[in-house]
Amino acid sequence: MDMNTAKLKKNAFRVTKVRGKTASRVRVPGGHLEAKYLPVLQEIAEKYGNGTLHITNRQGFEIPGIDFADVDKVNAALQSIIEGLEINQEEEDAGYPASGTRNVIACIGNRVCPFGCYDTTGLAKRIEKAIFPNDLHFKVACTGCPNDCAKVRMHDFGIMGMTEPQFDPNRCVSCEACIKACRTRSVGALSMQNFRPVRDAKKCIGCGVCVINCPDRAWTRSKKKYYRLTLLGRTGKKNPRMGEDFIKWVDEESILKIILNTYDYVKEYIDPNAPGGKEHIGYIVDRTGVEEFLRWALKDVDLPPEAEVYTPLYWKGVKY
Amino acid sequence: MGYRVSRETLDLWLATHAADYEIWAPHRFVGEGCFSDTDSVRYARVTKLEEIELKERSHYSFKEALTPASQTLFYFTQEACTEPEPPVKGAILLLRSCDLHALRRLDDMYLHNGPADYYYARLRERVKVVLLGCAASCESGFCVSMGTNVSENYDMSLDPVAGDFLVDCKDADWAAFFAARGCGEEPVTPAHVEENAVKVTVPEKLSPAVAKASLWNQYDKRCINCGRCNFVCPTCTCFTMQDLYYDENARLGERRRVWASCMVDGFTDVAGGGSYRKKNGERMRFKVLHKMLDYKQRKGYQMCVGCGRCDDVCPEYISFSGCVNHLDEAMKEVQGK
Chain F
608 MDMNTAKLKK NAFRVTKVRG KTASRVRVPG GHLEAKYLPV LQEIAEKYGN GTLHITNRQG
668 FEIPGIDFAD VDKVNAALQS IIEGLEINQE EEDAGYPASG TRNVIACIGN RVCPFGCYDT
728 TGLAKRIEKA IFPNDLHFKV ACTGCPNDCA KVRMHDFGIM GMTEPQFDPN RCVSCEACIK
788 ACRTRSVGAL SMQNFRPVRD AKKCIGCGVC VINCPDRAWT RSKKKYYRLT LLGRTGKKNP
848 RMGEDFIKWV DEESILKIIL NTYDYVKEYI DPNAPGGKEH IGYIVDRTGV EEFLRWALKD
908 VDLPPEAEVY TPLYWKGVKY
Chain U
334 MGYRVSRETL DLWLATHAAD YEIWAPHRFV GEGCFSDTDS VRYARVTKLE EIELKERSHY
394 SFKEALTPAS QTLFYFTQEA CTEPEPPVKG AILLLRSCDL HALRRLDDMY LHNGPADYYY
454 ARLRERVKVV LLGCAASCES GFCVSMGTNV SENYDMSLDP VAGDFLVDCK DADWAAFFAA
514 RGCGEEPVTP AHVEENAVKV TVPEKLSPAV AKASLWNQYD KRCINCGRCN FVCPTCTCFT
574 MQDLYYDENA RLGERRRVWA SCMVDGFTDV AGGGSYRKKN GERMRFKVLH KMLDYKQRKG
634 YQMCVGCGRC DDVCPEYISF SGCVNHLDEA MKEVQGK
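First to last, the protein sequences are chains F and U.
Throughout, my numbering is defined as the position within the first sequence, counted from one, plus 607.
Throughout, my numbering is defined as the position within the second sequence, counted from one, plus 333.
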């Protein structure tokens, strides 16, 4: 049996532990898709695979148990999904090229969740358009609020939705619902002074719990959408670690620029002998120092005046 | 007198009358809803047609135009008290039929329940009402059950019809305004709802004995005592007083009144540390029976106007109308039938 495994993997198929069998990997940008694509997956799984589907950690589907001989047929069958989900493709009916840059994932966000501060899938798709396809190993995730259900702190770039609460004293009825909710469900950034809540802007994490709990719309959301950007979290064997706070109250445009700038930085400094041409960005930053990374990452980035950049940046995590 | 009025003429009417009146109408506050990328429809001062939300019933009622959520009654120093200046302009309120019926309840509470309320009265006597017709029932309203679906005590009615507006002008000056601008005369009857999806039946023999029913217990846990139902209600009039001493000089300050809610903690706190209706079910019982029993015993007509706002705003999906429809069973339970 002859199979060019590099080409196979580059075509979004896996080399599995069963000889001669592969698994097709279908990523779902932003983790949300129209249900009409599920019968396509079902048909492929039942016709070419072993009749099962795996839901992947990066919000895709993996269809196991496919014979090497059926790869072309599976690729042709995937065409409607690739087009419908706007997945990067080079040649029609030939599947799509897998990427070192991983599927941008998103929690369900404000399309459904009451806590979500923005449309996470929408932002994930815009980020994907800016960075795909790319062979460098980047992981980006979007989560709707600081609850971080998408676990964005385990990613190179973690994006958490924030809103800047706006207070209209004329609508406040001093019920203290915001105070209680902030204290018990968030960080306790509100205190009562002279019958009205006062917000400690330094402490506030922009989760919007005050807005959700206000019964009279005294608290509302800022017109502008803000984000917390966390940096260089990762899993892995050597030194798994949580992403650290980088910028609080950052805007979408700056985030996109910072991510794109980081590609330039990685191209410059990646270990040329890294296995598979992939190296976690964090290890590169450990090598060059944070200052050099920041010099590249923040190039031509015009942060909004309200943005707070954390300094110094330091990662710990578990070291083996 | 009925007229067919173009958008342009209606806009001119609004602009002209905004000089002498605050014109309060439902307005869509984009992005100001409870959740992100949702809107809040509330009353606001408007001067243009495009600022008026003509479709969706407002989430909060018009009452803030007459009784703001927070209203300063007077400022004080050690020697003197000063009242805020009275409103310069009168007010035109654009109300749906349920809310126009609610205005009668506010009047009865603020004007005819003991001495008239000074602050309410001085604006109320300069209020005119425009009735917004309801071509279709809202989802949660039960105005037909409450007998509030038709209103006649308006100064003008307003119904959008095929790009124009039909108005029925009882105010002679306003009729003259439209006649002078060539608006065609035609007979106009404001649109009103004949049937709602939600129907409510209040038992004829409802009595305070129903307080002992098990119906109320479910709300101990279901209700989170946030008070939204009270704050959106066009007939809730309770307020509390706040004496505010300024931080910079504690000998100066102001007294204001602020909306209060019988569902929210602190409502029944009394001197000496007493507090009543501690359970949320007891608060729900108090509210429902006040709206559907006590008030009628005092005034001869029901307090609730069936607008349905409390149903729509409740984050815990507690339905006021649903509760009322269980009162019959609850009465049977306490009567041992």
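The beta-carbon is built from N, C-alpha and C at its ideal position, and this holds for glycine as well.
Bear in mind that the values here come from a model prediction, so they are computed numbers and not experimental data.
In the DSSP annotation of this structure, Q551/U is not part of any beta strand (DSSP E); the continuous alpha helix (DSSP H) holding it starts and ends at 551-555. In this model, G751/F and A731/F are separated by some 11 Å (Cα to Cα). Counting along the chain, the unbroken beta strand (DSSP E) around C749/F starts and ends at 747-750. Secondary structure remark: continuous alpha helix (DSSP H) runs of at least 4 residues inside the region 419-490 of chain U, in chain order: 430-443, 451-457, 476-479. At least one beta carbon of chain F lies nearer than 9 Å to the beta carbon of L577/U. In this model, A512/U and C647/U are separated by some 45 Å (Cα to Cα).
Membership of V521/U in any alpha helix (DSSP H) is not indicated, and neither H nor E is assigned to it by DSSP. DSSP places R894/F inside the alpha helix (DSSP H), whose first and last residues are 888-895. Bridge pairing for L499/U: R337/U, D492/U [DSSP]. DSSP places M769/F within a strand segment (E or B) once states are collapsed to three. Judged by beta-carbon spacing, V462/U lies beyond the 9 Å limit of N446/U, meaning their Cβ atoms are not closer than that value. For G364/U, the residues of chain F that pass the 8 Å Cβ criterion are T827, R828, K830, in the order they occur in the chain. Here the alpha carbons of K746/F and N664/F stand approximately 12 Å from one another. The beta carbon of K926/F sits closer than 7 Å to the beta carbons of N846 from its chain, once the five residues preceding and following it are set aside; these are given in chain order. Taken in chain order, the unbroken stretches of beta strand (DSSP E) that lie wholly in the region 581-616 of chain U and span 3 residues or more are 586-592.
V363/U has its alpha-carbon roughly 33 Å from the corresponding atom of G599/U. Within the DSSP bridge table, the entry for Y833/F names M769/F as partners.
Cβ-Cβ distances below 7 Å link H762/F to K746, V747, A748, G840, G850 in the same chain, with the five nearest sequence neighbours on each side left out; the list follows chain order.
Cβ contact annotation for Q630/U (same chain, cutoff 6 Å, sequence separation greater than five): none. Considering only G655/U, G423/U, A508/U, T568/U, the residue with the shortest C-alpha distance to Y628/U is T568/U. In the DSSP assignment, the residues bridged to P804/F are M799/F. The DSSP assignment places 354-362, 373-378, 403-409 as complete runs of the beta strand (DSSP E) inside the region 354-419 of chain U, in order along the chain (cut-off: 3 residues). When C-beta distances to chain U are compared with 8 Å, the residues of the region 803-820 of chain F below that value are G815, V818, I819, N820, in chain order. At a cut-off of 9 Å between beta carbons, R733/F makes no contact with chain U. Interface residue (Cβ-Cβ distance to chain F less than 9 Å): A468/U is not classified as such.
At a beta-carbon threshold of 9 Å, the residues of chain F lying near G560/U are V780, C782, A784, P822, D823, ordered along the chain. Judged by beta-carbon spacing, R642/U lies beyond the 9 Å limit of R361/U, meaning their Cβ atoms are not closer than that value. Residue state for T708/F is assigned as coil, using DSSP reduced to three classes. With three or more CB-CB distances shorter than 8 Å, the region 346-362 of chain U counts as touching the region 416-425 of chain U.
By the neighbour-count definition (other C-beta atoms within 10 Å, threshold 16), L645/F is an exposed residue. Counting only Cβ-Cβ distances below 7 Å, Y725/F has contacts in chain U at S369, in chain order. Residue-level contact check: R375/U touches chain F, since one or more beta carbons of chain F fall below 9 Å from its beta carbon. The CB of S403/U comes closer than 8 Å to the CB of P776, N777, R778, C779, V780 in chain F, given here in chain order. Pairing N754/F with C814/F, the inter-Cα distance amounts to about 8 Å. Within chain U, no C-beta atom comes nearer than 9 Å to that of N657/F; the closest sits roughly 42 Å away. Of the candidates Y443/U, K388/U, E581/U, K388/U places its Cα closest to the Cα of L465/U.
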